[in-house]
Every structure is written in C-alpha cells, then in structure tokens.
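Participant: After the structure tokens below, expect a handful of questions from me.
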Amino acid sequence: MQNNQRIELYKKVHEHPLFKGISDEKFQQFIEKCQLNAYQKGEKIVYFKNPDEGLLVVLAGRAEVYIESEKGLSVLLEVLLEGQIIGLSH
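Quick note on numbering that gives the first Met the number 0: the sequence shown kicks off at 0 and runs consecutively.
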C-alpha cells in the first residue's frame, strides 16, 4: 500500500463519528497503537482471538462476520459495510 493511500485511510478513520471529536494530538497518539491492514476479497481472517483485541473499522468494501461452532460449522452473524465497526460489544 502506498503512503498516500495510507494517509487517506487514516483520514477516513479520523473523520469517523467515533473519533471525529478528538484533537489531532490525541488521534495521533491513538493511531500509533493501531494497525492498518488490507484484505483481499474472500480472504478469511481470525480477528478476535481474545476479548482485548480491539476494534475493526471497515474503511472500504464490506466484511462478513461468521462464528464457528465446535463442530466446525460456520454461521453468518452479520455483514459490516463501509464505515461500520466491530469490537465494541465483543
């Protein structure tokens, strides 16, 4: 990912309603603790390995959230669209 693309995505995060009211200084402190990841269409990720994993903000595209049973069956829990977050109620 190019640097200008990263800057644009960080701007999207800062403009998100959850973070919009914080100062640039506080946002910079926050974003330094974050990771920016890009995923390919159809790519599966295991995001929440423990309750303290944090937030996942969908900046572009969509994400399907599945839960997997002990028997290995996956069930669609929800679909997140651009701008939506998962992790607050986790």
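The C-beta atom is built at its ideal place from N, Cα and C for all residues, glycine as well.
None of the values given here were measured: they were computed from a predicted structure.
Could you check where the alpha helix (DSSP H) with glutamate 14 kicks off and where it finishes?
Facilitator: 2 to 14 is the extent of the alpha helix (DSSP H) around glutamate 14.
Participant: List the residues that DSSP assigns as beta-bridge partners of leucine 75.
Facilitator: Answer is Tyr65.
Participant: Straight-line CA distance for glutamine 4 to leucine 58?
Facilitator: Spanning the two alpha carbons is a distance of roughly 12 Å.
Participant: So the alpha helix (DSSP H) glutamine 28 belongs to, where does it begin and stop?
Facilitator: That run of the alpha helix (DSSP H) goes 23 to 30.
Participant: Could you tell me which residues DSSP pairs with isoleucine 84 in its beta bridges?
Facilitator: In DSSP, isoleucine 84 forms a bridge with Val56.
Participant: With distances taken from CA atoms, which of Leu17, Ile44, Gly82, Phe29 is nearest glutamate 67?
Facilitator: When only C-alpha atoms are compared, the closest one is Ile44.
Participant: Tell me which same chain residues have a C-beta within less than 6 Å of the C-beta of valine 80, skipping the five on either side of it?
Facilitator: According to the sequence displayed, residue 80 carries leucine and not valine. Around leucine 80: Arg61.
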